[in-house]
Amino acid sequence: MTHMISVSNLEIVGRRRHGPAVPIVRDVSLDVAEGQMLALIGESGSGKTTIALSLLGHARAGCAISGGRIMVAGHDVTTMTAGELRAFRGRTISYVAQNAGTAFNPALSLGQQVIEPARVHWSMTRAQAEHKMIDLFRALALPDPETIGARYPHQLSGGQLQRLMAAMALVTDPEIVVFDEPTTALDVTTQIEVLAAFRSVLADRGITGVYVTHDLAVVAQIADHAVVLRHGQVRESGPVAEILGNPRDDYTRELVAACRIPPRTTFPAPVLDRAVETVLDLSGVIVGYGRLDAAGLPERRILDEVSLSVPRGSTLGIIGESGCGKSTLARTISGLQPWAAGQVTFRGEALAPDIARRTREQRRRLQIVAQNADMVLNPAWRIGASIERVLTFFRGLKGAEARNEAARLLDMVRLPHALLDRLPGELSGGQKQRINFARALAARPDLVLCDEITAALDPVVAAAILELMAELQRELGISYIFITHDLHAVRAVCDDVAVLYGGKVVEHNSSQSLTTGAHHPYTRLLVSSVPEMRAGWLTEAMTARQAGRPEPLQVAPQGGCRFFPRCDVRMPGTCDHNPVPVQILPGGARIACFTNAAALVPDGDDGSCPDFHNRPISGTDSPEEVRHDDPASF
Amino acid sequence: MKVRVSLPSATQRVGMLFGFWLVLAMFGPLLAPYAPGQIIDTQVFAPISHQHWLGTDYLGRDLGSRLLYAVRYTVLICTLSTAFSCGCGILLGVATTATPAWVEQVAGRLMDGILSIPSLLCALLVIAAFGDSLMALVLTMGVIYTPGAYRTSRALALRIARMDYITVAMARGEGRLFIIWREILPNMRGPLLADVGLRFIYAVLLLSNLSFLGLGVQPPLVDLGSLVRENVLGLVYGAVAVVLPTIVIAVLTVGINLVLDATAGRRS
C-alpha cells in the first residue's frame with residue numbers, strides 16, 4: 020500500500036524569546052494512504068494544528084521542526100527550500116482554514132480569490148480556471164454557481180464561505196487537502212450541509228485528506244482513520260470505527276464519554292406545569308433598533324414578542340442558530356439591553372428595563388456568566404480581587420471575611436485556594452470559566468444566566484463544567500437560563516428548552532422530549548442536524564432531508580412565520596402572511612406553527628415530512644383556504 | 003541552586019532612564035564648576051582641556067556648566083508640559099467613553115481643531131501673542147500635545163470598554179467612576195506608558211526647535227536648543243560647543259525611544 024503522507028518521529032519545538040525550547044509535538048508518526056481521510060483529534064493545545072501545518076512545511080512563528088521526517092506525495096517536506104515549498108503548497112497540498120469569514124480578503128470578489136492558487140502557479144489560463152471553479156461550485160452545492168464568484172465575502176453566509184474556501188483549495192487539483200476545523204464555527208444546520216459537500220467532492224476526486232477537529236461525531240462521518248493526540252503525543256491511532264467504538268487508551272475513552280453525556284434525569288419531567296413557582300417570567304418582550312413604527316415599536320426586531328418562564332430550581336435552555344437573538348435575550352434579561360415593549364417579572368417583582376433602575380437586591384439575585392472565559396475576568400485583577408469585589412459589593416464582606424468566603428467559593432467550584440493570588444492570564448480556559456461561575460455564585464443568586472459558557476471549551480472540560488452546574492443546582496437550588504447552540508448540552512442540563520428562530524420563540528418544550536413528540540419544523544431540522552457518533556449518520560440524514568424538503572426560498576417573507584423560506588411543511592399564502600398561532604399541547608409545550616401539532620410528530624426516526632392530513636387551527640383563516648394552499652394536504 | 007540574575011523589567015528600565023534624566027535635571031547644576039553666565043576664558047570655542055572639560059562657547063563661557071543648566075530647563079519644561087498634556091488627554095479620553103455622546107462630540111471636535119494646526123506654527127503664534135515666559139511655554143506645549151494623548155487613550159479605553167468584564171461590572175451595577183478607575187485604567191497602563199514617553203520626546207524636539215528659532219527659553223536661562231543656536235557659528239571651527247548639545251538632544255530622545263520600543267516589543 021502506498022502512503023500519500025508518511026510522517027515519522029516528528030518533533031516540533033516552540034521557543035519564547037530567548038527561553039528554552041519547549042516541545043510541542045513529540046515523536047509523532049502517522050501514515051495516510053492515497054484517497055483516505057485521516058482525522059487528527061485532540062483538545063486545544065494538543066498540537067493537532069501544528070502537525071497539520073507541518074505537512075505544508077510550515078511552522079508558526081516561534082516554532083520549528085526539530086526532528087523527524089515528513090514525506091508528502093513523494094516530497095521530503097523538511098528538506099525543501101522556500102522556493103520549492105512555494106511551488107508545492109497550493110499545488111500538491113492545500114489548506115482549508117477554520118474561520119472562512121476572516122480568511123477571505125473583503126476587498127476582492129470571491130471568484131478572483133478562488134482561482135488565485137491556479138493563477139499563482141500558472142497551472143491554467145484564467146478561462147480554464149474559471150470553468151473549473153464553476154464546476155467546483157456546482158459540486159459543492161453552492162447556489163448560483165455561475166454568478167456567485169462575482170460576489171464579495173460579506174454577501175455570503177459562513178457556511179457558503181467555508182465551501183468557497185474548499186473550492187479555492189481544490190481548484191489546482193491538489194493531491195492532498197488539509198482541513199483545519201472547517202465546520203467548528205458553523206451552526207449545526209449549516210455544518211451538515213458543508214460536511215456532505217466536502218465528503219462528496221473529496222470522494223469524487225479521490226483526494227487524500229487530513230481533517231483536524233475536536234468533534235468526534237464529525238470524525239465518524241468524514242474520516243477513515245483517526246489519530247488521537249494529547250500534549251503533542253499520539254495516544255491512540257487506528258480506524259475510526261475502532262477508536263470510537265472500542266477505545267483502548269484512557270484519554271480516548273474520556274473523550275468519547277464526554278461526547279455522550281447522559282441526559283438529565285434529576286428533575287421530574289412535567290416542569291412546564293404552571294403550579295410550580297416561577298423565578299423569571301418574560302411576556303411579549305420586544306427588543307429592536309431602527310425607526311419606530313406607528314405603535315412606537317422599533318422596525319427591526321432582534322427579539323419579537325418573546326414570552327418565557329423559568330420555574331424555581333430548574334434550568335431553561337435557549338437554543339437557536341447564530342443571529343437568532345440568544346445573546347440579546349441574555350443582555351435583555353440582565354438589563355444591559357433595554358426592551359421596547361413587554362414585561363419581565365423576577366420573583367414576582369417587575370424588573371426595570373435598564374440596569375441602573377433595578378435595585379441592588381434584584382441585581383444580586385440575577386447574575387450573568389458570560390460566554391468568553393478569556394474576556395470576563397479583568398486581566399489586571401487577581402482572581403481573589405475579582406471574587407472579593409462581588410462579596411464586598413453585594414454582601415458587604417471585607418478583609419479576611421471576604422477572603423475566607425472567596426476560598427470557600429473556590430472549594431465549591433473545585434479549584435485550589437492558591438489560584439486566589441493568580442492573574443487570569445495564568446489560568447486555563449476551564450479554570451477561568453469555573454472562576455467566572457464562582458464569581459456569579461458569590462452574589463448568592465436565585466437565577467444565573469449562562470451565555471454559551473461551554474462554547475469555547477474542550478469537550479472533556481465542558482462536560483465537567485456542566486456536571487458542576489447540575490451539582491450546584493441540587494445543593495443551592497439555583498435556577499439557570501442556559502443559552503447554547505449545543506443540543507447535547509441542552510439535554511444534559513436543561514429541564515425545559517425554548518427554541519429561538521429569527522428573534523421569535525418557535526417552541527417551548529421539555530428538553531427530554533426533543534427527539535419524540537410534536538415539534539416545530541425548525542426544532543426538527545435542528546435536532547436532525549446534530550451529528551451522531553456513528554458512521555453512516557450523515558448519509559442517512561442527508562437522504563432523509565432531501566426526500567421531504569422543498570428548495571429553500573431566497574426571499575424573506577413580508578409577514579407571518581420567519582422560518583417560512585426554509586420550512587418543509589410550509590403553506591404558501593398562509594404561513595407567509597398571517598400572524599403565527601401558538602398551539603398549546605397537552606403536556607404544556609408551546610409550538611408556534613400553522614401546521615397542526617398532530618402533523619408535527621416526526622414520522623419514525625427520519626424527521627422527514629409527515630403524511631398527516633393538515634387540519635386547520637382555530638384562530639387562523641378559514642379552513643378551506645388553508646387546505647387549498649397547502650401542498651402537503653391530500 | 004542556580005543563582006538567577008534578573009534584569010530589570012521593561013517598565014523598570016523606562017522608569018530608570020526617566021529617573022536618570024530627572025535627577026540630572028534636579029541636581030546636575032550642583033556639579034557645575036562655574037555659573038552658567040560667567041565668562042571664564044578669553045578664548046572662544048576652546049577645545050576640550052583639563053580646565054574646561056567640554057571646552058568653551060562663543061563668549062568664552064564654560065560649556066560643561068551651561069550644558070548642565072540646559073538639561074535642567076529642557077527636561078523640566080518638557081516633563082511639566084507632558085504631564086499637562088497627558089493628564090488632560092488621558093482624563094478626557096477615558097472619561098468620554100462613559101459620558102453621554104454629546105460630551106465626546108464637543109471634546110472630540112475641539113481636539114480635532116487643535117490637531118489640525120501645525121504644532122510649531124501654533125507655538126510660534128501663541129508665544130508671539132502671550133510672550134515667552136516659561137509658564138507660557140509649558141502651557142502651549144501642553145495644549146499642543148493634548149489631542150494626541152486624548153486620541154490614544156480614548157481608542158484604548160473604547161477597546162477595553164467593549165470587553166466582557168466591563169459588561170459584567172455594569173451588570174453588577176458598578177458606578178462609572180469605579181469602572182473607569184478600577185476596571186479600565188489598570189488595563190491601559192502599558193500602552194499609555196509608551197504614549198507618555200513619546201509625547202515627552204515630541205516635547206523635547208518642539209522645545210529645541212523653538213529655542214533654536216529664538217522663541218523658546220530666553221537668555222540668561224538656557225536650554226539645549228538655545229545652546230545649539232548661540233554656538234551655531236562654531237560649526238565652521240568644528241567646535242565642541244555646537245556638537246555636544248546636539249548629541250545630548252539625540253541621546254535624550256533616541257534613548258527614551260529605544261527603551262519604549264523594547265517595552266512595545268515585549269507585549270506583542
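Chains as they are written, first to last, in my numbering: chain D, 20 to 653; chain G, 3 to 270.
Where a beta carbon is used, it is the ideal one built from N, C-alpha and C, also for glycine.
Note that the structure is a prediction, hence the values are computed from the model and not measured.
By the criterion of Cβ-Cβ separation under 7 Å, what are the contact partners of Gly175/G in chain D? Near Gly175/G (Cβ distances below 7 Å), the residues of chain D are Ile374, Arg379, Arg382.
Could you give the distance in angstroms between the alpha-carbon of Val198/G and the alpha-carbon of Pro258/D? So the two alpha carbons sit approximately 60 Å from each other.
Could you work out which residues of chain D lie near Asp263/G, taking near to mean beta carbons separated by less than 7 Å? Those do not exist, as Asp263/G stays about 15 Å from chain D at its closest Cβ, beyond 7 Å.
Are the beta-carbon atoms of Phe86/G and Val145/G separated by less than 9 Å? Yes.
For a test of the three-state rule: what should DSSP assign to Phe613/D, helix, strand or coil? Three-state result, Phe613/D: coil.
Any idea what DSSP makes of Arg564/D, helix, strand or coil? Three-state result, Arg564/D: helix.
Give me the chain G residues within the contact set of Ala421/D, using Cβ-Cβ distance strictly less than 7 Å, ordered along the chain. Close to Ala421/D, with beta-carbon spacing below 7 Å, lies no residue of chain G; the smallest spacing is near 15 Å.
Which residues of chain D have a Cβ atom closer than 9 Å to the Cβ of Pro247/G, listed in chain order? Within chain D, not a single residue places a beta-carbon under 9 Å from that of Pro247/G; the smallest gap is close to 38 Å.
Under the three-state DSSP convention, the category Arg384/D falls into: Looking at Arg384/D - three-state DSSP - the assignment turns out to be helix.
State yes or no: is the C-beta of Ile338/D within less than 9 Å of the C-beta of Val516/D? Yes; because the gap between Cβ atoms is below 9 Å, this pair is in contact.
If you run the structure through DSSP and keep just helix, strand and coil, what is Glu59/D? As written in the sequence, residue 59/D is Leu, which differs from the Glu given in the question. Note: Leu59/D maps to strand in three-state DSSP.
Opposing strand residues paired with Glu368/D [DSSP bridges]: In DSSP, Glu368/D forms a bridge with Phe365/D.
When we look at the beta-carbon of Leu468/D and count the other beta-carbons within 10 Å, is it buried (16 or more) or exposed? Leu468/D comes out buried.
Among the candidates Thr58/G, Pro221/G, Tyr204/G, whose CA atom is the shortest distance from the CA of Gly240/G? For the residues Thr58/G, Pro221/G, Tyr204/G, the minimum Cα distance to Gly240/G belongs to Thr58/G.
Give me the chain D residues within the contact set of Thr169/G, using Cβ-Cβ distance strictly less than 7 Å, ordered along the chain. Residues of chain D passing the Cβ test: Leu355, Ala389.
So which of Leu226/G, Asn211/G, Ala173/G, Leu207/G has the shortest CA-CA distance to Thr351/D? For Thr351/D, the closest alpha carbon among the candidates Leu226/G, Asn211/G, Ala173/G, Leu207/G is that of Ala173/G.
According to the neighbour-count rule (16 or more other Cβ atoms, all chains shown, within 10 Å of its Cβ), is Gln492/D buried or exposed? Within a 10 Å sphere around the beta-carbon of Gln492/D sit 16 or more other beta-carbons, which makes this residue buried.
List, in order along the chain, the chain D residues whose C-beta lies closer than 9 Å to that of Glu185/G? By Cβ distance, chain D contributes Asn397, Ala399, Trp400.
Out of curiosity, what's the CA-to-CA distance linking Gly62/G and Val73/G? Spanning the two alpha carbons is a distance of roughly 20 Å.
Looking at the strands, I want to know which residues DSSP matches up with Gln252/D. In the DSSP assignment, the residues bridged to Gln252/D are Arg249/D.
For Phe412/D, return the contacting residues in chain G, with the cut-off set at a CB-CB distance below 7 Å. Those are Arg174, listed as they occur along chain G.
Which same chain residues, not among the five before or five after Ala106/D, have their C-beta less than 8 Å away from its C-beta? Correct list, in chain order: His140.
Mapping the DSSP letters down to three states, classify Thr58/G as helix, strand or coil. Strand, per DSSP.
Which class does Leu123/G belong to by DSSP, given the choice of helix, strand or coil? Annotated three-state conformation of Leu123/G is helix, per DSSP.
Buried versus exposed call for Val246/D [16 or more other C-beta atoms within 10 Å across all chains shown]: Label assigned to Val246/D: buried.
Range of the contiguous alpha helix (DSSP H) that encloses Ala146/D: 145–158 is the span of the alpha helix (DSSP H), which, as asked, contains Ala146/D.
Name the DSSP beta bridge partners of Asn528/D, please? Beta-bridge pairing links Asn528/D to Val516/D.
Whole-angstrom distance between Ser113/D and Ser353/D, CA atom to CA atom: In a straight line, the C-alpha of Ser353/D is about 46 Å away from that of Ser113/D.
Any C-beta of chain G sitting closer than 9 Å to the C-beta of Val409/D? With respect to chain G, the C-beta atom of Val409/D has a partner C-beta closer than 9 Å.
Going by DSSP in three states, Ala389/D sits in which element: helix, strand or coil? Coil at Ala389/D, not helix or strand.
Hey, quick one: how far does the alpha helix (DSSP H) through Ile406/D stretch, first residue to last? For Ile406/D, the uninterrupted alpha helix (DSSP H) run begins and ends at 402–414, by DSSP.
Within 10 angstroms of the Cβ of Pro201/D, are there 16 or more other Cβ atoms? Answer buried if so, exposed if not. Result: buried.
For a quick check, are the C-beta atoms of Ile194/G and Leu226/G less than 9 Å apart? Looking at the sequence provided, one finds Leu at residue 194/G rather than Ile. No, the pair does not count as a contact, with Cβ atoms beyond the cut-off.
With a threshold of 16 other CB atoms inside 10 Å of the CB of Asp64/G, please say whether the residue is buried or exposed. Counting Cβ neighbours within 10 Å, Asp64/G comes out buried, since at least 16 surround it.
In this structure, how does DSSP classify Met165/G when only helix, strand and coil are distinguished? Secondary structure at Met165/G: coil, using DSSP grouped into helix, strand and coil.
Where Asp206/D and Gly61/D are concerned, what is the direct C-alpha to C-alpha distance, given to the nearest angstrom? Straight-line spacing of the CA atoms in Asp206/D and Gly61/D works out to 21 Å.
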